[in-house]
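Residue numbers (our numbering): 49 to 225.
Idealized CB from N, CA, C, for every residue including glycine.
Here is the structure we will look at.
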Amino acid sequence: MAQATEMLTVFRDFARTLTTDFPIQGILDHLVERIVTVLPVSAAGVTLITSGQVPRYVAASDENALLFEQLQTQLGQGPCVTAFESGDAVRVPDLGIDDRFPHFAAAAIAGGLAAVFTFPLRHGDRQLGALDLYRDSPGDLGDVDMDAAQILADVATAYLLNAQSRSAALSASEHYR
Numbered sequence: 049m050a051q052a053t054e055m056l057t058v059f060r061d062f063a064r065t066l067t068t069d070f071p072i073q074g075i076l077d078h079l080v081e082r083i084v085t086v087l088p089v090s091a092a093g094v095t096l097i098t099s100g101q102v103p104r105y106v107a108a109s110d111e112n113a114l115l116f117e118q119l120q121t122q123l124g125q126g127p128c129v130t131a132f133e134s135g136d137a138v139r140v141p142d143l144g145i146d147d148r149f150p151h152f153a154a155a156a157i158a159g160g161l162a163a164v165f166t167f168p169l170r171h172g173d174r175q176l177g178a179l180d181l182y183r184d185s186p187g188d189l190g191d192v193d194m195d196a197a198q199i200l201a202d203v204a205t206a207y208l209l210n211a212q213s214r215s216a217a218l219s220a221s222e223h224y225r
């Protein structure tokens, strides 16, 4: 019950930011900080991706998460990349026995990572990036936690789209002054 109450608080906080000028980097930083308090993970990261470009925004709950986010970008391989490209969540409860991401897995395991769960930031058929949840011990996330993480990714997407629309409207109004 305490976890459910904390999750509702996180959703309430994000709903309140939708109508503010809270900066994109700030909302992403807040998202990853809060996730580690409500889900059974040791770290979290989010990367906004535009095909063919270096990620513009990256947020991480700690230095290891930042390393894992950057590693996937550098290698062009990993659950984050796959979730972005496919639009589907990626579940890797034991990185040591999963063979989908050999280059990422080797480096990530050396850095202390044991499991990763990735959720696309998507709007229709458009992907904006991915939310990564990291664990320093192997083990799966339950279906309720997987659903909660995807909802958090969807809420973050709604905020990002709102922030982009607000920025475009501001630019347009400044152009016509």
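Residues that DSSP places opposite residue i in a beta bridge
i: phenylalanine 165; result: Arg139 and Leu181
i: glutamine 175; result: Arg170
i: valine 129; result: Answer is none; valine 129 lacks a bridge partner.
i: alanine 108; result: Gly93
Distance CB(residue i)-CB(residue j) smaller than 8 Å
i: phenylalanine 167; j: alanine 131; result: yes
i: glutamine 122; j: valine 86; result: no
i: leucine 169; j: leucine 179; result: yes
i: glycine 144; j: proline 186; result: yes
i: leucine 200; j: histidine 171; result: no
i: glutamate 117; j: glycine 93; result: yes
i: alanine 211; j: isoleucine 72; result: yes
Spatial distance of residue i from residue j (CA atoms)
i: histidine 151; j: glycine 126; result: 8 Å
i: tyrosine 207; j: valine 102; result: 21 Å
i: serine 99; j: glycine 124; result: 11 Å
i: glycine 177; j: serine 134; result: 11 Å
i: tyrosine 243; j: alanine 137; result: This structure gives no information on residue 243, because the portion of the chain shown stretches from 49 to 225.
i: asparagine 112; j: alanine 153; result: 14 Å
i: phenylalanine 149; j: leucine 79; result: 26 Å
i: alanine 91; j: aspartate 110; result: 7 Å
i: alanine 163; j: aspartate 202; result: 22 Å
i: leucine 76; j: aspartate 146; result: 28 Å
i: leucine 161; j: arginine 60; result: 31 Å
i: leucine 96; j: proline 141; result: 23 Å
i: phenylalanine 165; j: arginine 139; result: 5 Å
Simplified DSSP state of residue i, which is helix, strand or coil
i: leucine 189; result: coil
i: threonine 95; result: strand
i: proline 150; result: helix
i: phenylalanine 116; result: helix
i: methionine 49; result: With a pLDDT of 43 at methionine 49, under the threshold of 50, the modelled position of that residue is not reliable, and no figure is offered here.
i: valine 102; result: coil
i: isoleucine 145; result: coil
i: leucine 87; result: coil
i: glycine 74; result: helix
Neighbour flag for residue i against chain B, beta carbons, 8 Å
i: alanine 108; result: Here there is only one protein chain, and chain B is not present.
Three Cβ pairs or more, each shorter than 8 Å: is that satisfied between the region 151–161 and the region 188–203? no
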